[in-house]
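In the order they appear, the protein sequences are chains A and B. When you read off a place in the first sequence, starting at 1, and then add 44, the result is the number in our numbering. When you read off a place in the second sequence, starting at 1, and then add 526, the result is the number in our numbering.
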Amino acid sequence: MIGVGKIKQYSNVLDKPLSKGKQEVSLSAFAFLFSELVQYNQTQVDNIAELERRLEDAGYAVGARVLELLCHREKGNRRETRLLGILSFVHSTVWKVLFGKVADSLEKGTEHEDEYMISEKELLVNRFISIPKDMGTFNCGAFVAGIVRGVLEGAGFPAVVTAHFVPVEGQQRPRTTILIKFAEEVLIFPPSLVTVLLWI
Amino acid sequence: MAAICSLYIINKSGGLIYYKDYGSGGRMDTNDSLRVASLWHSMHAISQQLSPTTGCYGIELLEADTFDLHCFQSLTGTKFFVVCEPGTQQMESLLKVIYELYTDYVLKNPFYEMEMPIRCELFDINLSQVVQKDRVVLLGR
Chain A
45 MIGVGKIKQY SNVLDKPLSK GKQEVSLSAF AFLFSELVQY NQTQVDNIAE LERRLEDAGY
105 AVGARVLELL CHREKGNRRE TRLLGILSFV HSTVWKVLFG KVADSLEKGT EHEDEYMISE
165 KELLVNRFIS IPKDMGTFNC GAFVAGIVRG VLEGAGFPAV VTAHFVPVEG QQRPRTTILI
225 KFAEEVLIFP PSLVTVLLWI
Chain B
527 MAAICSLYII NKSGGLIYYK DYGSGGRMDT NDSLRVASLW HSMHAISQQL SPTTGCYGIE
587 LLEADTFDLH CFQSLTGTKF FVVCEPGTQQ MESLLKVIYE LYTDYVLKNP FYEMEMPIRC
647 ELFDINLSQV VQKDRVVLLG R
């Protein structure tokens, strides 16, 4: 009943683009699958940090694959080598393919040079999930954080990515912020520079 | 909304898993609400057996002098019922909407254990929105 959106109808089957195929799945089916993923991982761990790590690892595998697929499909086998390029690739292209919309915002951290934030008012994976009080600040967005880390690391930008709830004034529900902290070497030797050095 | 007095959700074995009081009418403590829930569960089961028609799914509406009780039973045996003022309209569709919210925000929540009391923030938020919403919106669904 609650769906991501309607699938575009083509009057002629020949007008349909060949490579993309059917892009959307039922939100309910995804929600149940994700719920089972969380429940299964919950039985395998002793504490919340461990659960968060396992969800992130599951997302990492998705991210690594999504990068390969989208570089081929959307960018003609080219990979982003600039920091801002890869960030906007995650914020728009990856988000659009995975969640059917562009992420709400992409910002640079105010305190540190190497931090960026992707914020989402209502993260798709959290749509039906209420975190019990005793689990504190746990966020199932850890899965999405893992996806982002998978994409970034695959493209040569190692980073630590975490998901946090951030309360919004005048709103009942907090929004989710994906915090990206790049590794030191990314700022000193970005992949674009490394490529140039290799040529020399 | 004055018309609805209270909402109950009971699991398939008759245990109360959700209770919400909407202020008007006689207030009940936890024990009373548990009693009403299990009593209704039994009455509902008996009514199925006693019904003269075949294929009866149990009581859907109980009309009393001072209140109406509308009941909706899902295919899995979970029962939703509201106690409201006599003659309140559109309670069937309200129960369907509540069932929809239950399937969305309770059953898809990985931290909910089946047949256990419902403690889901999102369910509470969306439920109060639906109950407070103007009836016109409910009709339009």
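Here a beta-carbon is modelled for each residue, glycine too, at the ideal position from N, C-alpha and C.
Classify residue i: buried if its beta carbon has 16 or more other beta carbons within 10 angstroms, exposed otherwise.
i, result
"T91(A)", "Per the sequence presented here, residue 91(A) reads as Asn, with Thr not at that position. With fewer than 16 Cβ atoms within 10 Å of its Cβ, N91(A) is classed as exposed."
"T602(B)", "exposed"
"T87(A)", "exposed"
"G194(A)", "buried"
"L558(B)", "The displayed chain sequence assigns Asp, not Leu, to residue 558(B). Per the 10 Å Cβ criterion, exposed."
"M617(B)", "buried"
"I46(A)", "Only weak support exists for where I46(A) lies, its pLDDT of 48 falling under 50; the value from the coordinates is given anyway. Classification of I46(A): exposed, given that the 10 Å Cβ count is below 16."
"V662(B)", "Residue confidence for V662(B) is low, a pLDDT of 45 falling below 50, so the modelled location carries little weight; the figure read from the coordinates is stated next. Exposed."
"H596(B)", "buried"
"F133(A)", "buried"
"F233(A)", "exposed"
"E164(A)", "buried"
"N170(A)", "buried"
"T181(A)", "exposed"
"K177(A)", "exposed"
"N121(A)", "exposed"
"R667(B)", "Any answer about R667(B) is weak, because its pLDDT of 49 lies below 50 and its placement is not dependable; what the coordinates show is given next. By the neighbour-count rule (16 or more Cβ atoms within 10 Å), R667(B) is not buried but exposed."
"H567(B)", "buried"
"K605(B)", "buried"
"Y54(A)", "exposed"
"H116(A)", "exposed"
"T614(B)", "buried"
"T579(B)", "exposed"
"I572(B)", "exposed"
Along the chain, where does the beta strand (DSSP E) containing residue i start, and where does it finish?
i, result
"E248(A)", "Chain A is shown from 45 up to 244; residue 248(A) falls before or after that span and cannot be answered."
"V89(A)", "Segment: none, V89(A) is in no beta strand (DSSP E) and carries neither H nor E."
"S132(A)", "S132(A) -> not in any beta strand (DSSP E); alpha helix (DSSP H) instead, spanning L127 to S132."
"I536(B)", "I530 to I536"
"I543(B)", "L542 to D547"
"D59(A)", "Premise fails: D59(A) is in no beta strand (DSSP E) and is neither H nor E."
"E589(B)", "L587 to E589"
"F598(B)", "D594 to Q599"
"K605(B)", "K605 to C610"
"L150(A)", "S149 to K152"
Residue i and residue j look like a contact to me (Cβ under 8 Å); what is the Cβ gap, rounded to whole Å?
i, j, result
"V657(B)", "I530(B)", "6 Å"
"G185(A)", "L167(A)", "5 Å"
"I191(A)", "G107(A)", "4 Å"
"F593(B)", "C610(B)", "7 Å"
"A102(A)", "F187(A)", "6 Å"
"F172(A)", "K634(B)", "4 Å"
"E68(A)", "G144(A)", "7 Å"
"Y534(B)", "Y545(B)", "6 Å"
"I222(A)", "A189(A)", "5 Å"
"Y583(B)", "Q574(B)", "7 Å"
"Q83(A)", "P636(B)", "5 Å"
"L648(B)", "S174(A)", "5 Å"
"P235(A)", "T137(A)", "The pair is not a contact, with the Cβ atoms about 18 Å apart (cut-off 8 Å)."
"L27(A)", "F78(A)", "Residue 27(A) cannot be examined here, being either before or after the span of chain A that is shown, 45 to 244."
Terminal residues of the continuous alpha helix (DSSP H) containing residue i?
i, result
"H567(B)", "T556 to L576"
"M161(A)", "It is not in any alpha helix (DSSP H) - M161(A) instead sits in the beta strand (DSSP E) that spans E159 to E164."
"E174(A)", "Per the sequence shown, the amino acid found at residue 174(A) is Ser instead of Glu. That residue, S174(A), is in no alpha helix (DSSP H); it is neither H nor E in DSSP."
"F187(A)", "A186 to G198"
"V623(B)", "M617 to L627"
"F649(B)", "E647 to Q658"
"V230(A)", "E228 to I232"
Residues bridged to residue i by DSSP?
i, result
"F143(A)", "Answer is none; F143(A) lacks a bridge partner."
"A207(A)", "I222(A)"
So which residues on chain E does residue i lean against when the C-beta distance must stay under 7 Å?
i, result
"I535(B)", "This model lacks chain E altogether; the protein chains it does include are A and B."
Residues of the segment 636–648 of chain B with a CB closer than 9 Å to any CB of chain A: list them in chain order, please.
-> P636, F637, Y638, R645, C646, E647 and L648
Give, in chain order, every residue of the segment 197–224 of chain A whose Cβ lies closer than 9 Å to some Cβ of chain B.
-> Q216 and R217
What residues from the segment 82–104 of chain A come within 8 Å of chain B, judged by C-beta to C-beta, listed N to C?
-> V82, Q83 and Q86
Taking any Cβ of chain A, which residues in the segment 617–632 of chain B have a Cβ under 9 Å from it, in chain order?
-> E626, T629, D630, Y631 and V632
Select from the segment 174–198 of chain A all residues with a C-beta closer than 8 Å to any C-beta belonging to chain B, and list them in chain order.
-> S174, I175, P176, M179 and C184
Interfacial residues, the segment 108–131 of chain A to chain B, with Cβ spacing under 7 Å | none
Taking a cut of 7 Å between CB atoms, which residues from the segment 71–82 of chain A lie near chain B?
-> A75, F76, S79 and V82
Where the segment 133–148 of chain A meets chain B: residues whose CB sits under 7 Å from a CB there | none
What residues in the segment 157–174 of chain A have a beta carbon less than 7 Å from any beta carbon of chain B?
-> F172, I173 and S174
Below 9 Å between beta carbons is the criterion; list the residues of the segment 537–550 of chain B that meet it against any residue of chain A, in chain order.
-> none
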